[in-house]
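**Student:** Once you've had a glance at the structure underneath, I'll fire off some questions.
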Amino acid sequence: MSLVITMSSSVFKIFPLFLLFSFLSVFACAIHFLLVNFFFDPSSLSIVPYRNQMVTPSTFKEVLVHLDLKGAPPSLTYLKEILPILAYTGATSLLIEWEDTLPYSLGFDNTNPFRETEIFIILAAAESNGLASIPLVPLYSDMDFVLKVKEFAKMRQNFNDTRFICPNARSSLDLVFKMIGRVLDFHRDTKYFHIGFRGPFPQDECPRECCGGKHLYDVIIDHLVTIVRHFHQLYPQVKLLMWDDLFRCVPTSRIKQHNM
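Just so we're aligned, residue 406 is where the sequence shown starts under this note's numbering, counting upward by one.
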């Protein structure tokens, strides 16, 4: 009994300090909230200097935030909390790279992907905050999440490299368009679709016999052209986006040869 009395006395001594600390914390949060809302204009937030001018979100008609969800994706709760902040600071769209967090059901899913209902919740939350959702599906490079799986290793451009798919390997294009179709099952109203093609790219000839010893740039461009043409036949209302890395390293003469 004496032990209980001693502990109770300590609690009563600490309680006023706890109240004071709590009051000061609430007061500090209130001051911070007032300062942010009355003195901070998100449109004046400087991002980077460009040609001796400070670039702000209001400089651009579209400001995209790239959500790369591979590895350890944030929780559904966190995503729903951060979307209003992104919208408040000037973002207009989300470029969502689902990778294996989206339930493709094609044999390479993450052990714990988002459920279908969670995907729709995320997209609805983005829309409610005025953010358009643009899917990003890597269709040549950055395909580790598919090619690391044993059943898909035969599609690698180089057996020891899981990053690049061989465009001419059997079933490669079939897989690519199954992935596209599955993603568009969720992004039903999207106006844009990003197909990746991020560098750096291998510099050698394609080692696969199915590529016939062609220079790798030609193999990649052929793959790109095939995807673009077939995509526009299936989804004429959707515009394609891609990284510009390929056009930075491919000679202009090769691009002209492919009528691009």
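Glycine included, each C-beta is placed from N, C-alpha and C at the ideal position.
#1: Counting C-beta neighbours from all protein chains within 10 Å, is the total for Pro605 16 or more, i.e. buried, or is it exposed?
#2: For a test of the three-state rule: what should DSSP assign to Arg634, helix, strand or coil?
#3: In three-state DSSP terms, what is Ser451?
#4: May I have a chain-ordered list of the alpha helix (DSSP H) segments no shorter than 4 residues that lie completely inside the segment 491–559?
#5: Can you tell me whether Tyr509 is buried or exposed, with buried defined as 16 or more other CB within 10 angstroms of its CB?
#6: Would you check if the segment 560–572 and the segment 646–660 touch, i.e. whether three or more CB-CB distances between them fall below 8 Å?
#7: Grab me the residues of Asp547's own chain with a C-beta within less than 8 Å of its C-beta, minus the 5 sequence neighbours each way, in chain order.
#8: Is Pro641 close to chain B? Criterion is C-beta to C-beta, closer than 8 Å.
#9: Check each candidate in Glu521, Asp579, Lys485 and Gln642 and name the one with the smallest Cα separation from Phe591.
#10: Work out the CA separation of Ala529 and Leu474 for me, nearest whole Å.
#11: Residues in its own chain within less than 6 Å of Val468 by CB, not counting five upstream and five downstream?
#12: Which word fits Pro572, buried or exposed, when buried means at least 16 other C-beta atoms lie within 10 angstroms of its C-beta?
#13: What's the C-alpha gap between Leu544 and Lys619?
#14: Identify which residue in Asp505, Val630, Leu639 and Ile585 has its Cα closest to the Cα of Arg659.
**Tutor:** So, from the listed chains and residues:
#1: Answer is exposed; the Cβ neighbour count stays below 16.
#2: Of the three classes helix, strand and coil, the one that applies to Arg634 here is helix, per DSSP.
#3: Any answer about Ser451 is weak, because its pLDDT of 48 lies below 50 and its placement is not dependable; what the coordinates show is given next. Note: Ser451 maps to coil in three-state DSSP.
#4: Counting only runs of 4 or more, we get 521–533 and 549–552.
#5: Looking at its Cβ environment, which holds 16 or more other Cβ atoms inside 10 Å, Tyr509 is buried.
#6: No, because fewer than three Cβ pairs between the segment 646–660 and the segment 560–572 fall closer than 8 Å, the two stretches do not touch.
#7: For Asp547, where only same-chain residues beyond five positions count, the Cβ hits under 8 Å are Arg568, Gly601 and Arg603.
#8: Structure shown: chain B not included; a single protein chain is present.
#9: It is Glu521 whose Cα lies nearest to the Cα of Phe591.
#10: Going by the C-alpha atoms only, they are around 17 Å apart.
#11: Its chain contains Pro462, Gly495, Ala496 and Thr497 as the residues whose beta carbon lies nearer than 6 Å to that of Val468, once the 5 sequence neighbours on both sides are disregarded; these appear in chain order.
#12: Buried, since its Cβ has 16 or more Cβ neighbours within 10 Å.
#13: For Leu544 and Lys619, the distance between alpha carbons rounds to 20 Å.
#14: Checking every option, the nearest Cα to that of Arg659 belongs to Val630.
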